[in-house]
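The letter at position 39 of the sequence shown is residue 38 when you use numbering that gives the first Met the number 0, and the numbering goes up by one with no holes.
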Amino acid sequence: MGDMSKILEGMQENAAKLQAELESKTFSVKSGGGMVELSVNGKGEVIDLIIDDSLMDDKDSLQILIIGAINDANKMVLQNQQNSALGMLGSMGGMNPFGAK
0 MGDMSKILEG
10 MQENAAKLQA
20 ELESKTFSVK
30 SGGGMVELSV
40 NGKGEVIDLI
50 IDDSLMDDKD
60 SLQILIIGAI
70 NDANKMVLQN
80 QQNSALGMLG
90 SMGGMNPFGA
100 K
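In structure tokens:
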């Protein structure tokens with residue numbers, strides 16, 4: 000039973016390290032040919048938003064471009080989280096529950 004608790008403790012430590020690593024990353028996306036630039040951290044929180052002045056009179060286009068940028072950024076964060084989690088599982092002696100080798 001002691002070995003199992005050591006394994007679980009190691010997994011918890013690795014998960015905490017992974018979470019801290021993910022949170023420290025920044026992902027930036029552009030939409031509308033760079034008219035909207037959005038940056039998010041590894042938790043998916045928006046940390047910066049730049050909007051070209053020419054969009055300020057076109058509310059509909061602005062909304063569409065912001066939504067697109069947010070969706071793209073969230074996909075990047077999710078993909079990074081998945082890749083990091085799979086990498087962590089792979090480094091734990093092949094304990095990948097998804098069967099990927």
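From the three backbone atoms N, C-alpha and C, an ideal C-beta is built for every residue, glycine too.
So, helix, strand or coil for ASP52, using DSSP?
helix
Within this structure, are the beta carbons of GLY32 and VAL76 separated by less than 8 Å?
Contact flag unset, no.
Outcome for LEU101 when other beta-carbon atoms lying within 10 angstroms are tallied against a minimum of 16:
Residue 101 lies beyond the range of the chain shown here (0 to 100); nothing can be said about it.
Any idea if SER30 is buried or exposed, counting beta-carbon neighbours within 10 angstroms, 16 or more meaning buried?
buried
Take GLU36 and list the residues in its own chain whose beta-carbon comes closer than 7 Å to its own, dropping the five residues that flank it on each side.
So the qualifying residues of the chain are SER27, LYS29 and ILE49.
Taking all protein chains shown into account, do 16 or more other C-beta atoms lie within 10 angstroms of the C-beta of VAL39, making it buried, or fewer, making it exposed?
When all chains shown are included, VAL39 counts as buried.
Please return the same chain residues whose Cβ sits closer than 7 Å to the Cβ of GLN80, not counting the five positions on each side in sequence.
Excluding sequence neighbours, GLN80 sits near LEU21.
Just checking my contact of GLY41 with LYS16 at CB under 8 Å: how many whole Å lie between their CB atoms?
The pair is not a contact, with the Cβ atoms about 13 Å apart (cut-off 8 Å).
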